[in-house]
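Engineer: Can you keep this structure in mind? I'll have questions shortly.
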Amino acid sequence: MIKKTLNNNHSDFDILQGLALALLANAIIIPHLIEMNYHPLSIEVIFFFIIIFIPMFGIGYISNWKIYLFFSSFITYWFFDSFFIDRIINLLIIVLIILFLINWLVDKTIYPLACIIFSLIFIFFSMFNYNGEFLVKEKLDTNINFNNNELNYSYLHIILDEHSSLNLIPNEFKDVEFNKKFKKDYISNNFDLYNNVFSESHNTVESLGAIFGLYVNENENISKKNYLKKNNKFTVSVKKNFLAQKLQEKGFKISFIQSNYYEICDVDRSYKCETYTRASNMNIFKKYNIQIKQRLKLALLAIHEDYYHREHILRLYRKILQFFYGEDIRSYGWFSRPLVNVLIFDEMKKKLNNLKNGEALIAHMLLPHYPFVLNENCNLKKISKWNYPLKENSNETIISANKGFLQQVKCTHKKIHTLLEIASKKDNLLVVIHGDHGARLYLDTEYENEIDNFSTFIALKDNNTSGKTIDENMKLQNVFTNFINRNFDN
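According to the working numbering, the sequence shown holds residues 132 to 621 in order.
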């Protein structure tokens with residue numbers, strides 16, 4: 132029936148071509164937006180659907196068959212290259228060639244109809260799989276008996292990614308008044324603050340691998356005993372994590388907050404695990420008073436980031452950008468991630484208030500990790516005011532990078548300060564707060580140095596801490612290990 136109608140009315144076929152091209156183009160954008168947690172009915176998704184649909188429908192409608200084939204083939208290849216691995220791409224290209232042959236030999240309506248059906252299926256599939264949660268919970272094995280009835284204390288452990296030592300940054304970039312407040316906030320809440328500690332590595336997994344491995348003796352062969360390897364890569368997996376084993380042996384019920392980039396839980400259902408995405412959650416912008424024009428611009432940047440980091444599509448995408456803009460193209464980083472972490476800090480206030488004896492909470496927070504998009508009050512800065520480590524942006528200067536970093540550190544501390552006050556009111560609470568390595572503002576540049584790469588801090592609270600600062604240069608994992616040993620029967 133469709134074939135007969137289209138053969139009798141050429142304009143109907145033009146409409147079919149236009150509809151196919153418009154939906155196919157949307158199928159390479161809309162699922163990406165929804166995958167980044169934009170709600171299917173959000174203003175961003177609706178706007179881009181319309182802005183893509185209208186011109187692509189027009190191109191399909193006025194094009195002759197050969198031009199339509201070119202556009203649809205290019206978009207189809209882009210689509211498959213965006214979502215699938217090479218073997219599947221090759222298989223689907225073969226299927227498309229067969230469809231082309233069928234079109235030429237039998238009926239030209241088959242291919243546009245196939246594009247429409249496939250595009251609709253994929254768009255609706257992404258809509259039905261939308262998940263608006265900021266912390267995705269993994270199932271906990273409820274049959275496990277946690278032997279924590281006799282424990283009269285709880286444990287809190289917060290890792291602040293890329294939080295360098297404020298004591299050791301160059302004097303010209305220090306904010307003396309903030310440094311005083313930073314120290315006072317820890318000391319007044321009975322924390323011992325170690326200002327000049329150094330991580331084992333400027334890589335998070337290697338640094339945390341040494342910490343969670345409870346590295347004791349500086350002269351030991353770290354690589355054999357404490358760096359936990361999996362497929363020749365370092366891992367912080369709880370399945371090989373001595374800290375988690377210590378807590379479990381004591382009978383603690385352990386909860387983790389992690390990003391999906393550093394898999395700590397390792398699908399182990401004996402731990403309660405909540406995960407936020409490394410790419411972050413663009414749905415966060417609706418929770419802030421951001422103008423619609425700004426939100427649409429952020430959504431466009433989000434699409435750029437998504438394509439920029441796709442393993443397969445980035446080759447084609449970057450070539451297109453380089454054709455129009457030359458070599459000066461770059462990533463803006465997952466700019467919503469800091470805001471997501473701010474929201475998670477607010478969730479952690481509730482978790483800490485409800486933390487009971489026999490429970491442990493370990494959180495890996497990607498703050499003050501770049502991109503430095505937040506001001507000291509944790510509000511999103513204008514895009515032109517965003518800052519990055521030097522290697523991430525050729526326009527960045529040492530002064531601007533340090534300024535952006537310090538602003539985000541102040542935001543991070545503002546959130547941490549609230550937790551410190553809650554912690555100080557809880558009896559028998561063990562607390563560990565530390566960075567994983569330095570800020571790495573100069574990594575892979577001529578200004579790279581050990582202080583920027585490795586310097587960080589650690590703050591500890593137990594019945595033995597008295598609210599003091601320690602400025603001696605020490606290994607991060609050594610300070611942490613001593614703390615664990617004195618609280619967990621060596």
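Where a beta carbon is used, it is the ideal one built from N, C-alpha and C, also for glycine.
From Ile493 to Ile159, what distance separates their C-alpha atoms?
Structural biologist: Along the sequence shown, read from residue 1 onward, the residue named residue 493 stands at position 362. Along the sequence shown, read from residue 1 onward, the residue named residue 159 stands at position 28. When rounded, the distance between both Cα atoms is 38 Å.
Engineer: Could you tell me if Thr576 is buried or exposed, where buried requires 16 or more neighbouring beta carbons within 10 angstroms of its beta carbon?
Structural biologist: Here residue 576 corresponds to residue number 445 of the sequence shown, with the count starting at 1. When all chains shown are included, Thr576 counts as exposed.
Engineer: From which residue to which residue does the alpha helix (DSSP H) around Gln376 run?
Structural biologist: By 1-based counting over the sequence shown, the position of residue 376 is 245. First-last of the alpha helix (DSSP H) with Gln376: 373-381.
Engineer: For Ala433, which option in Tyr402, Arg468, Lys418, Tyr407 has the closest C-alpha, if you only look at C-alpha atoms?
Structural biologist: Counting from 1 along the sequence shown, the entry for residue 433 is found at position 302. That would be Arg468, whose Cα lies nearest to the Cα of Ala433.
Engineer: Are there three or more Cβ pairs, one per stretch, closer than 8 Å when the stretch 530-539 is compared with the stretch 324-344?
Structural biologist: Counting Cβ pairs under 8 Å, fewer than three are found: no touch.
Engineer: What number of angstroms, rounded off, separates the C-alpha of Ser332 from the C-alpha of Asp593?
Structural biologist: Position 201 of the sequence shown holds residue 332. Position 462 of the sequence shown holds residue 593. Going by the C-alpha atoms only, they are around 27 Å apart.
Engineer: Along the chain, where does the beta strand (DSSP E) containing Ala590 start, and where does it finish?
Structural biologist: Along the sequence shown, read from residue 1 onward, the residue named residue 590 stands at position 459. First-last of the beta strand (DSSP E) with Ala590: 586-592.
Engineer: Do the CB positions of Lys403 and Ser386 come within less than 8 Å of each other?
Structural biologist: Counting from one through the sequence shown, the residue named residue 403 turns up at place 272. Counting from one through the sequence shown, the residue named residue 386 turns up at place 255. It is a contact, given that the beta carbons lie within the stated cut-off.
Engineer: To the nearest angstrom, how far is the alpha carbon of Asn320 from that of Lys606?
Structural biologist: Sequence index remark: in the sequence shown, residue 320 carries index 189 (1-based). Sequence index remark: in the sequence shown, residue 606 carries index 475 (1-based). The alpha-carbon atoms of Asn320 and Lys606 are separated by roughly 24 Å.
Engineer: Closer than 6 Å by C-beta to Ile342: which residues in its own chain qualify, once you throw out the five before and the five after it? Chain order, please.
Structural biologist: As a working note, residue 342 is residue 211 in the sequence shown. Taken in chain order, the residues that qualify are Gln608, Phe611.
Engineer: Where do the ends of the beta strand (DSSP E) carrying Ser295 lie?
Structural biologist: Residue mapping note: residue 295 aligns to position 164 of the sequence shown, counting from 1. From DSSP, Ser295 is part of no beta strand (DSSP E); its letter is neither H nor E.
Engineer: In the DSSP output, what is Ile254 paired with across the bridge?
Structural biologist: Locating residue 254 in the sequence shown gives position 123, where the first residue counts as 1. In DSSP, Ile254 forms no bridge with anything.
Engineer: Do you know how far the Cα of Cys396 is from the Cα of Lys268?
Structural biologist: The residue labelled residue 268 in the question sits at position 137 within the sequence shown. The residue labelled residue 396 in the question sits at position 265 within the sequence shown. Roughly 11 Å separates the two Cα atoms.
Engineer: Below 7 Å CB to CB, which residues in the same chain sit around Ile133 once its five sequence neighbours on both sides are set aside?
Structural biologist: One-based indexing of the sequence shown puts residue 133 at position 2. Confidence in Ile133 is poor, its pLDDT being 43 and thus under 50, which makes the residue's placement unreliable; the coordinate value appears in the next sentence. So the list reads Thr240, once near-sequence residues are dropped.
Engineer: Can you give me the Cβ contacts of Asn138 inside the same chain, cut-off strictly under 6 Å, excluding the 5 residues immediately before and after it?
Structural biologist: Position 7 of the sequence shown, counted from the first residue, corresponds to residue 138. Low local confidence applies: a pLDDT of 46 at Asn138 is under 50, so the model's placement there is unreliable, with the coordinate-based value given in what follows. Answer for Asn138: no residue qualifies.
Engineer: Rounded to whole angstroms, what's the CA-CA distance from Gln422 to Ala430? Just pull it up for me.
Structural biologist: On the sequence shown, residue 422 is found 291 positions in, with the first residue counted as 1. On the sequence shown, residue 430 is found 299 positions in, with the first residue counted as 1. Distance between the alpha carbons of Gln422 and Ala430 is about 12 Å.
Engineer: Determine the direct distance from the alpha carbon of Asn472 to that of Leu511, and round the result to whole angstroms.
Structural biologist: Taking the sequence shown and counting its residues from 1, one reaches residue 511 at position 380. Taking the sequence shown and counting its residues from 1, one reaches residue 472 at position 341. Each residue's Cα considered, the two are about 13 Å apart.
Engineer: So is Arg617 buried or exposed if we call it buried at 16+ other beta carbons inside 10 Å?
Structural biologist: Within the sequence shown, residue 617 is the residue found at index 486, counting from 1. It is exposed - the Cβ of Arg617 has fewer than 16 other Cβ atoms within 10 Å.
Engineer: Please report the straight-line C-alpha distance between Phe178 and Trp465, rounded to a whole angstrom.
Structural biologist: To locate residue 178, count along the sequence shown from 1; it is residue 47. To locate residue 465, count along the sequence shown from 1; it is residue 334. Taking the straight line joining both Cα atoms gives about 21 Å.
Engineer: Starting from Lys494, follow the alpha helix (DSSP H) in both directions and report where the run begins and ends.
Structural biologist: Numbered from 1 along the sequence shown, position 363 holds the residue referred to as residue 494. Position check: residue 494 holds Ala in this sequence, whereas Lys was assumed. Premise fails: Ala494 lies in the beta strand (DSSP E), 490-496, not in any alpha helix (DSSP H).
Engineer: Sorted by chain position, which residues of the same chain lie with C-beta nearer than 6 Å to Ile300's C-beta, five sequence neighbours on each side aside?
Structural biologist: One-based indexing of the sequence shown puts residue 300 at position 169. Excluding positions up to five away in sequence, the list is empty.
Engineer: Between Lys305 and Leu297, what straight-line distance do the alpha-carbon atoms span, to the nearest angstrom?
Structural biologist: Start at 1 with the first residue of the sequence shown, and residue 305 comes out as number 174. Start at 1 with the first residue of the sequence shown, and residue 297 comes out as number 166. Distance between the alpha carbons of Lys305 and Leu297 is about 7 Å.
Engineer: Beta strand (DSSP E) containing Ser405: first to last residue?
Structural biologist: As a position in the sequence shown, residue 405 is number 274, starting the count at 1. It should be pointed out that residue 405 corresponds to Glu in this sequence rather than to Ser. Residues 403-407.
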